[in-house]
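Okay, so here's the structure we're looking at.
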Amino acid sequence: MKSFGKFLGAIAVITVIVGSGYLAGDRVADILIPSANAAGGTVEGPNVIAPNRYVYYPGTEVLAKDEIRVIACGTGMPDQRMAQASACFLFELGNGDKFIFDIGSGSMRNIASLMIPYEYLTKIFLSHLHTDHWGDLASLWAGGWTAGRPVPLEIWGPAGLTPEMGTAYAIDHFLKANNWDKTTREFKITAVPGQITVHEFDYKAVNKVLYEENGVTIRSIPAIHAGDGPVSFILEYAGLKVIFGGDTSPNKWFVKYGKDADLVIHEAFNPPGIFATLGNQPAQLAWRACCEFHTSGPSFGKIMSTIEPRHAVAYHALLDQGTQQYNTYYDSIRQTYDGPLSIASDLMMWNITKDKITERMAAITRNAWAVEGTTRQPPPQPGLPDPMSDFIKQGEWGPGFNAQNKMLDDFSEEYNLQEQDWRKTRPWYKPDE
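Numbering of the sequence shown is given in the numbering used here, commencing with residue 13 and proceeding in unit increments.
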């Protein structure tokens with residue numbers, strides 16, 4: 013087996029040429045893709061712009077027409093932590109399309125940090141309905157709504173063994189559970205962004221086309237995980253093939269349809285000993301969780317050495333880089349796989365072209381604001397029933413509201429909102445106060 017250096021941590025970047033594996037650090041700057049703001053270099057003086065440092069600055073790079081960018085927005089477990097949200101991967105394509113594959117708990121913080129207008133983040137593919145794979149749907153749904161998304165969300169997800177176990181049922185009851193949220197936002201903001209279109213499909217269908225538009229084809233294959241329903245997804249675009257496994261134990265469909273892929277994202281769980289010690293799991297659960305209804309490191313390696321992707325990505329583990337625990341995890345994969353490999357952490361990303369695959373980390377701001385797109389939300393739809401009773405309205409305290417008149421008058425004049433002055437409908441309104 014070839015010798016490979018261990019992953020260098022959260023600020024590392026590794027560029028992979030087809031078949032070459034890891035590259036020495038002193039060569040990285042010479043071969044990174046030209047369109048990527050990544051290469052380092054000499055700082056020519058004390059007051060000059062420094063070369064970029066092996067990271068991706070969101071919003072600063074235009075993808076080539078035949079390029080795919082994949083960003084890990086969640087790589088961890090149901091018990092999310094600050095360093096790792098639950099499962100979520102964002103695919104951005106050179107034609108402008110963007111797809112979210114799973115949106116696990118906590119992942120919206122990472123999605124939002126990329127500062128992509130919410131009107132472009134509307135297509136979500138769910139591999140299954142464990143909350144660590146769709147638990148942050150509420151944050152995208154409501155957060156994007158309040159941040160200006162003008163259109164509904166679309167969700168593709170599998171049916172279940174019974175109707176009550178499927179995606180359509182889950183989304184219907186999601187909206188029912190959030191009915192107060194939905195009803196009040198419809199009245200106060202606008203109704204359309206709160207809608208969700210569900211495309212439920214047969215989880216048993218093999219290599220089934222779910223989406224085929226703008227040169228993009230997305231297929232599903234069955235996965236084996238906990239019960240009937242889970243699937244894996246295959247995206248093809250511009251001659252490139254990227255696979256998102258979701259949650260699955262080793263299965264024949266993945267081995268058959270996972271071949272000839274450019275990037276394969278597949279879970280690789282922590283070894284059972286890690287779960288039993290650091291993870292506080294009962295031993296009887298630890299060895300089943302990692303190795304019966306998920307995929308362990310050695311099993312992940314066996315799958316990858318069989319399908320031989322250009323680049324493999326392991327995720328769905330809690331990792332403390334630089335520790336013996338991390339080394340044990342890495343070594344468990346290298347027992348059975350010696351090919352190009354990323355151990356995914358949150359905000360790791362990959363640029364994929366036919367010539368090369370570039371791995372970097374995204375450099376984000378922790379205090380990102382929503383970014384405006386080209387389409388603006390309409391005002392509230394007239395005629396909707398008011399969800400606030402007269403009893404509550406009569407509790408409004410006029411002096412508190414009138415204290416902001418100067419600020420609101422200036423804002424109204426700046427944005428030409430005089431015809432929409434909501435204060436004029438209130439009995440407490442006193443323009444001169």
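A virtual CB, placed ideally from N, CA and C, is assigned to each residue, including glycine. Every value quoted in this text rests on a predicted model; they were computed, and no experiment measured them.
Would a check of beta-carbon distances place residue i closer than 7 Å to chain D?
{"i": "residue 77", "result": "The chain inventory of the structure shown lacks chain D, comprising one protein chain alone."}
DSSP three-state call for residue i: helix, strand or coil?
{"i": "residue 61", "result": "coil"}
{"i": "residue 360", "result": "strand"}
{"i": "residue 149", "result": "helix"}
{"i": "residue 405", "result": "helix"}
{"i": "residue 311", "result": "helix"}
{"i": "residue 103", "result": "strand"}
{"i": "residue 333", "result": "coil"}
{"i": "residue 197", "result": "helix"}
{"i": "residue 286", "result": "helix"}
{"i": "residue 69", "result": "coil"}
{"i": "residue 20", "result": "Unreliable positioning characterises residue 20 in this predicted model, as indicated by a pLDDT of 37, which lies under 50. A coordinate reading is not provided."}
{"i": "residue 184", "result": "helix"}
{"i": "residue 419", "result": "helix"}
{"i": "residue 168", "result": "strand"}
{"i": "residue 368", "result": "strand"}
{"i": "residue 224", "result": "strand"}
What's the C-alpha gap between residue i and residue j?
{"i": "residue 39", "j": "residue 368", "result": "Because the pLDDT at residue 39 is just 30, under 50, the model does not fix this residue reliably, and the point stays unresolved."}
{"i": "residue 107", "j": "residue 226", "result": "8 Å"}
{"i": "residue 14", "j": "residue 192", "result": "With a pLDDT of 41 at residue 14, under the threshold of 50, the predicted position of this residue should be treated as unreliable, and no value is reported."}
{"i": "residue 53", "j": "residue 288", "result": "45 Å"}
{"i": "residue 297", "j": "residue 89", "result": "15 Å"}
{"i": "residue 74", "j": "residue 110", "result": "13 Å"}
{"i": "residue 386", "j": "residue 119", "result": "25 Å"}
{"i": "residue 441", "j": "residue 202", "result": "25 Å"}
{"i": "residue 391", "j": "residue 377", "result": "31 Å"}
{"i": "residue 237", "j": "residue 418", "result": "59 Å"}
{"i": "residue 180", "j": "residue 145", "result": "16 Å"}
{"i": "residue 351", "j": "residue 259", "result": "22 Å"}
{"i": "residue 168", "j": "residue 55", "result": "48 Å"}
{"i": "residue 371", "j": "residue 195", "result": "43 Å"}
{"i": "residue 142", "j": "residue 302", "result": "16 Å"}
{"i": "residue 254", "j": "residue 322", "result": "10 Å"}
{"i": "residue 114", "j": "residue 393", "result": "32 Å"}
{"i": "residue 173", "j": "residue 274", "result": "32 Å"}
For residue i, does the count of other Cβ atoms within 10 angstroms reach 16, so buried, or fall short, so exposed?
{"i": "residue 280", "result": "buried"}
{"i": "residue 427", "result": "exposed"}
{"i": "residue 308", "result": "buried"}
{"i": "residue 295", "result": "exposed"}
{"i": "residue 125", "result": "buried"}
{"i": "residue 214", "result": "exposed"}
{"i": "residue 404", "result": "exposed"}
{"i": "residue 395", "result": "exposed"}
{"i": "residue 185", "result": "exposed"}
{"i": "residue 332", "result": "exposed"}
{"i": "residue 233", "result": "buried"}
{"i": "residue 61", "result": "exposed"}
{"i": "residue 379", "result": "exposed"}
{"i": "residue 87", "result": "buried"}
{"i": "residue 445", "result": "exposed"}
{"i": "residue 242", "result": "buried"}
Below 8 Å on the Cβ atoms is my contact criterion, and I expect residue i with residue j to pass it. Report the Cβ-Cβ distance as a whole number of Å.
{"i": "residue 99", "j": "residue 328", "result": "6 Å"}
{"i": "residue 416", "j": "residue 424", "result": "Not a contact, Cβ separation roughly 12 Å."}
{"i": "residue 315", "j": "residue 266", "result": "7 Å"}
{"i": "residue 112", "j": "residue 128", "result": "The Cβ separation is near 10 Å, so there is no contact."}
{"i": "residue 261", "j": "residue 304", "result": "7 Å"}
{"i": "residue 365", "j": "residue 76", "result": "7 Å"}
{"i": "residue 344", "j": "residue 283", "result": "6 Å"}
{"i": "residue 121", "j": "residue 361", "result": "With a Cβ gap of about 16 Å, residue 121 and residue 361 do not count as contacting."}
{"i": "residue 317", "j": "residue 341", "result": "Not really, about 17 Å apart at Cβ, beyond 8 Å."}
{"i": "residue 208", "j": "residue 230", "result": "Going by Cβ atoms, the distance from residue 208 to residue 230 rounds to 18 Å, so no, they are not a contact pair."}
{"i": "residue 389", "j": "residue 162", "result": "5 Å"}
Checking the sheet assignment: what are the DSSP bridge partners for residue i?
{"i": "residue 304", "result": "Beta-bridge pairing links residue 304 to no other residue."}
{"i": "residue 216", "result": "In the DSSP output, where bridge partners are listed per residue, residue 216 has none listed."}
{"i": "residue 247", "result": "230, 254"}
{"i": "residue 96", "result": "93"}
{"i": "residue 81", "result": "104, 363"}
{"i": "residue 325", "result": "277, 354"}
{"i": "residue 137", "result": "113, 168"}
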